[in-house]
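Just below is one structure, and these are the notes that go with it.
In my numbering, the protein residues as written are 396 to 516.
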């Protein structure tokens with residue numbers, strides 16, 4: 396038996412480039428790995444026994460969302476300090492330790508959510 400969670404988001408899905416985090420028996424995984432790669436994307440990782448793929452997915456999501464929250468907090472500090480976020484984000488995109496399927500998505504997330512209901516904007 397195998398389990399295989401997916402990560403990568405809509406952009407990866409549209410480009411057949413999802414990441415599969417699997418759990419289960421190593422021999423069974425090796426038998427099915429190529430088929431999973433053809434269907435999902437090249438990166439297919441056996442994380443451990445059944446359940447390990449789901450745990451890896453949860454941990455991956457927690458890291459991504461923690462980074463998004465940290466980046467949003469940093470942008471709020473920058474805004475509160477009087478920085479123009481539109482100009483600040485362009486050179487800062489190389490400094491942000493966050494990768495959300497390309498730099499543009501990171502900009503969209505930060506600006507959209509800061510304008511939506513932030514007390515700082």
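Cβ coordinates follow ideal geometry from the N, Cα and C atoms, glycine included.
Coarse secondary structure for residue i, derived from DSSP in three states
i           : result
residue 419 : strand
residue 438 : coil
residue 478 : coil
Nearest candidate by alpha-carbon position, reference residue i, set the options
i           : options               : result
residue 434 : 411, 422 and 419      : 411
residue 436 : 413, 477, 471 and 474 : 413
residue 399 : 449, 422, 405 and 420 : 449
Inter-residue CB distance, residue i and residue j (contact presumed, cutoff 8 Å)
i           : j           : result
residue 397 : residue 427 : 6 Å
residue 401 : residue 424 : Not a contact, Cβ separation roughly 15 Å.
CB of residue i within 8 Å of CB of residue j, strictly
i           : j           : result
residue 477 : residue 447 : no
residue 452 : residue 430 : no
residue 541 : residue 458 : Shown here, the chain extends from 396 to 516; a query on residue 541 therefore has no answer.
Going residue by residue through the region 440-477, where are the continuous alpha helix (DSSP H) segments of at least 4 residues, counting only ones entirely within it?
The qualifying runs are 447-475.
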